[in-house]
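The structure under discussion appears below in the form of structure tokens.
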Amino acid sequence: MGLIVQKFGGSSVADAESIRRVAWIIAEAYSEGKNVVVVLSAQADTTDDLIAKAKELNPNPSMREMDVLLSTGEQASIALMAMALETLGLPVVSLTGWQVGMNTDSSYGSARIKGVSAERLKAELDRRRIVLVAGFQGINKFDDITTIGRGGSDTTAVALAVTLNAEICRIYTDVEGIFTGDPNKLPGAKKLDEITYDEMIELATLGAQVLHNRSVEMAKRYGVKMEVLSSLVRKPGTIVKGVTKMEHMKISGVAKDSDIARIALVGLKDEPGVAFKMFRVLANEKINIDIILQSIGRNNTNDISFTVSRSDMEKAVNVLEENKDIIGYTDISTTDKIAKVSIVGAGMMSSPGVAAMMFEALYDSKINIAMISTSEIKISVLVDENDADRSVAAIHAKFFGA
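Reminder that position 170 of the sequence shown reads as 957 in my numbering, one-by-one numbering, no gaps.
See the structure below:
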């Protein structure tokens, strides 16, 4: 008997009508003779509401207690869905992360999954029950509740698909699949029939919010076939897999990330080890660095600019100022009035001129580029935040004609 994993996001279970709609989707899969495991997110806006309630009482609550609080959103979703399925006469059980043995490390707020024991889960499946699992959460070695980070229910679903050797992991959202751009902002955005893991990882990391990037990384590592599809419209979605059709389009999509800030250090000594010292102190504080640009200054000095998430900007500046004498720079400047716009596509490797087309689109729209970063399947540029949407539209029109 085959097994599938289904995951439904917050917008798919936002209210009673939505929950009933999803219940019928689950029931249909079960009626086909499949074992069904369903991962649910908290209802739309629930997590944000819980965060706001916490801030009312404590501006700086501990991450442990935040995880205890935020995990309740998913628990409400699975209980409500179980009730809906019960009205259809289906055998169902709801389980929290700790009940299914979702073991994580102790990085509260962004825990990493270490393994899934799944004894209870398998026992329930043997009884031919539909199993509803609270996404986004697990348990650490201290028996504390942990959360996997925003969007982590996708990763929960893939982890269960790996553990149970599922045929496919279906991620249901409020859009019909993966598009070449945000369909809510680009009327001409085209839905992709398929996309490679590597392309999807890049798009997810660069700002496309359809999938959690860690879920795709895990799917690639273990060869889990994924499909992104709509819970509102019953039609095939986008398959995420290792290899797509041989003749691949130049790029698969355009993404925007406004959650970034740029930091520049001026007057660094032009000698070995300076960059190491700088990025080491940032790494020690678990601050992720993205785009890096080094330029030649004057009098045997260099300037280095790099990007971090906006939430890390103040922390990064404080760390750098505390270590100014060790690093040896003369000045520091910052801005968070920027955005990163990127194109992604495995077809770039065999298609000369892709970068030129991107830069031409920005030139024609009179948009200035602050920094550039490239890889085999990605080109990213930094632009003024006020130019971000225009940049995405111009680039998308250049490659996709709309």
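The beta-carbon is built from N, C-alpha and C at its ideal position, and this holds for glycine as well.
These numbers come from a predicted model, not from an experiment.
Per the contact definition of three or more C-beta pairs closer than 8 Å, is the stretch 1087-1095 in contact with the stretch 1056-1064? yes
Should S849 be labelled buried (16 or more other beta-carbon atoms within 10 Å of its own) or exposed? Stepping through the sequence shown from its first residue, residue 849 is reached at position 62. S849 is exposed by the Cβ-count criterion.
Helix, strand or coil: how does DSSP classify Q996 here? In the sequence shown, counting from the first residue as 1, residue 996 sits at position 209. In the structure shown, Q996 sits in coil (DSSP, three-state: anything other than H, G, I, E or B).
Nonlocal neighbours in the same chain, by C-beta distance under 7 Å from L1019, ignoring five residues either side: Along the sequence shown, read from residue 1 onward, the residue named residue 1019 stands at position 232. Hits under 7 Å: D961.
Just the Cα atoms here: how many angstroms apart are K840 and L857? Position 53 of the sequence shown, counted from the start, is the residue given in the question as residue 840. Position 70 of the sequence shown, counted from the start, is the residue given in the question as residue 857. Whole-angstrom Cα-Cα distance: 11 Å.
Tell me whether the stretch 953-960 and the stretch 907-922 touch, counting them as touching only if at least three CB pairs, one residue from each stretch, are closer than 8 Å. no
Taking the alpha carbon of D1171 as the reference point, which residue from S1162, E1147, K1127 has its own alpha carbon closest? One-based indexing of the sequence shown puts residue 1171 at position 384. Nearest option by C-alpha distance: K1127.
For E902, the three-state DSSP class (helix, strand or coil): One-based indexing of the sequence shown puts residue 902 at position 115. One detail in the question is off: residue 902 reads as Gly in this sequence, not Glu. Strand, per DSSP.
How about G876 and N822: are their beta carbons less than 9 Å apart? Within the sequence shown, the letter at position 89 stands for residue 876. Within the sequence shown, the letter at position 35 stands for residue 822. Cβ atoms of G876 and N822: not closer than 9 Å.
Among G968, L973, Y1009, which has the Cα closest to the Cα of A991? On the sequence shown, position 204 is the one that residue 991 refers to. Of the candidates G968, L973, Y1009, the one whose C-alpha sits nearest the C-alpha of A991 is G968.
Which whole-angstrom value describes the C-beta separation of T1025 and D985, a residue pair presumed to lie in contact below a C-beta threshold of 8 Å? Start at 1 with the first residue of the sequence shown, and residue 1025 comes out as number 238. Start at 1 with the first residue of the sequence shown, and residue 985 comes out as number 198. Going by Cβ atoms, the distance from T1025 to D985 rounds to 15 Å, so no, they are not a contact pair.
What residues are listed by DSSP as bridge partners for L919? On the sequence shown, residue 919 is found 132 positions in, with the first residue counted as 1. In the DSSP output, where bridge partners are listed per residue, L919 has V825, S881.
Through-space distance from M868 to S1130, alpha-carbon basis: Taking the sequence shown and counting its residues from 1, the one referred to as residue 1130 is at position 343. Taking the sequence shown and counting its residues from 1, the one referred to as residue 868 is at position 81. Note that residue 1130 is Ile in the sequence shown, not Ser. Each residue's alpha carbon lies about 38 Å from the other.
Given a cut-off of 9 Å, decide if R1049 and D1123 are closer than it, judged by their beta-carbon atoms. Stepping through the sequence shown from its first residue, residue 1123 is reached at position 336. Stepping through the sequence shown from its first residue, residue 1049 is reached at position 262. Closer than 9 Å, so yes.
Given 8 Å as the limit, is there contact between the stretch 1065-1085 and the stretch 997-1016, that is, 3 or more CB pairs closer than that? no
R957 bridges to which residues according to DSSP? By 1-based counting over the sequence shown, the position of residue 957 is 170. Beta-bridge pairing links R957 to Q793, E1014.
Pairwise C-alpha distance: A910 and V880: Within the sequence shown, residue 880 is the residue found at index 93, counting from 1. Within the sequence shown, residue 910 is the residue found at index 123, counting from 1. Cα to Cα, V880 sits roughly 11 Å from A910.
For T859, which option in T874, P1023, K842, L827 has the closest C-alpha, if you only look at C-alpha atoms? The residue labelled residue 859 in the question sits at position 72 within the sequence shown. Measuring from the Cα of T859, the nearest candidate turns out to be L827.
Other residues of its chain near V945: CB distance less than 6 Å, five sequence neighbours each side excluded: Taking the sequence shown and counting its residues from 1, one reaches residue 945 at position 158. Same-chain partners within the cutoff: C956, S1002, M1005, A1006, V1011.
Pick out whichever of V949, S904, Y895, I982 has its Cα sitting closest to the Cα of F923. Here residue 923 corresponds to residue number 136 of the sequence shown, with the count starting at 1. For F923, the nearest C-alpha among the options comes from Y895.
Span of the alpha helix (DSSP H) around F1063: For the purposes of this step, residue 1063 is identified with residue 276 of the sequence shown, where counting begins at 1. Looking at the DSSP string, the run of the alpha helix (DSSP H) that includes F1063 is 1061-1071.
M1100: buried (16+ other C-beta within 10 angstroms of its C-beta) or exposed? Stepping through the sequence shown from its first residue, residue 1100 is reached at position 313. Buried.
R1097 vs D1174 beta-carbon contact at 9 Å: For the purposes of this step, residue 1097 is taken as residue 310 along the sequence shown, with counting starting at 1. For the purposes of this step, residue 1174 is taken as residue 387 along the sequence shown, with counting starting at 1. No, the pair does not count as a contact, with Cβ atoms beyond the cut-off.
Using DSSP with H/G/I as helix, E/B as strand and the rest coil, what is K909? Locating residue 909 in the sequence shown gives position 122, counting from the first residue. It is helical.
What is the rounded straight-line gap between the Cα of M799 and the Cα of L837? Residue mapping note: residue 799 aligns to position 12 of the sequence shown, counting from 1. Residue mapping note: residue 837 aligns to position 50 of the sequence shown, counting from 1. According to the sequence as given, residue 799 is Ser; it is not Met. Cα-Cα distance, rounded: 19 Å.
Could you spell out where the alpha helix (DSSP H) holding F1187 opens and where it closes? For the purposes of this step, residue 1187 is taken as residue 400 along the sequence shown, with counting starting at 1. F1187 -> alpha helix (DSSP H) spans 1175-1187.
Buried or exposed (CB count within 10 angstroms, at least 16 for buried), M870: Position 83 of the sequence shown holds residue 870. Per the 10 Å Cβ criterion, exposed.
Could you check whether I1078 and M987 sit closer than 9 Å to each other, using their CB atoms as the reference points? Indexing the sequence shown from 1 puts residue 987 at position 200. Indexing the sequence shown from 1 puts residue 1078 at position 291. Contact flag unset, no.
Around the Cβ of I865, are there at least 16 other Cβ atoms within 10 angstroms (buried) or fewer (exposed)? For the purposes of this step, residue 865 is identified with residue 78 of the sequence shown, where counting begins at 1. The residue in question, I865, is buried, as its Cβ has 16 or more Cβ neighbours within 10 Å.
Quick check: the Cα distance between H1183 and K1043, rounded to an integer number of angstroms? By one-based count along the sequence shown, residue 1183 stands at place 396. By one-based count along the sequence shown, residue 1043 stands at place 256. Looking at the two C-alpha atoms, the distance is approximately 12 Å.
Taking the alpha-carbon positions, what's the E1034 to E1147 distance? For the purposes of this step, residue 1034 is taken as the residue at position 247 of the sequence shown. For the purposes of this step, residue 1147 is taken as the residue at position 360 of the sequence shown. For E1034, the pLDDT reaches just 49, beneath the cut-off of 50, and the residue's location in the model is therefore unreliable, leaving the point undetermined.
L908 and G888: beta carbons closer than 9 Å? Locating residue 908 in the sequence shown gives position 121, counting from the first residue. Locating residue 888 in the sequence shown gives position 101, counting from the first residue. Contact: yes.
Quick check: the Cα distance between K978 and G1040, rounded to an integer number of angstroms? What you label residue 978 is simply residue 191 of the sequence shown in a count that begins at 1. What you label residue 1040 is simply residue 253 of the sequence shown in a count that begins at 1. Their Cα atoms are separated by approximately 10 Å.
Ordered along the chain, which non-local residues of its own chain (more than five positions away) have a Cβ less than 6 Å from that of G797? As a position in the sequence shown, residue 797 is number 10, starting the count at 1. Closer than 6 Å at the Cβ level, and outside the excluded window around G797, lie S828, A829, Q830, A831.
Which residues bound the alpha helix (DSSP H) around L979? Locating residue 979 in the sequence shown gives position 192, where the first residue counts as 1. Element bounds for L979: n/a, residue is neither H nor E.
In whole angstroms, what is the alpha-carbon distance linking G1134 and F1093? For the purposes of this step, residue 1134 is taken as the residue at position 347 of the sequence shown. For the purposes of this step, residue 1093 is taken as the residue at position 306 of the sequence shown. Cα to Cα, G1134 sits roughly 28 Å from F1093.
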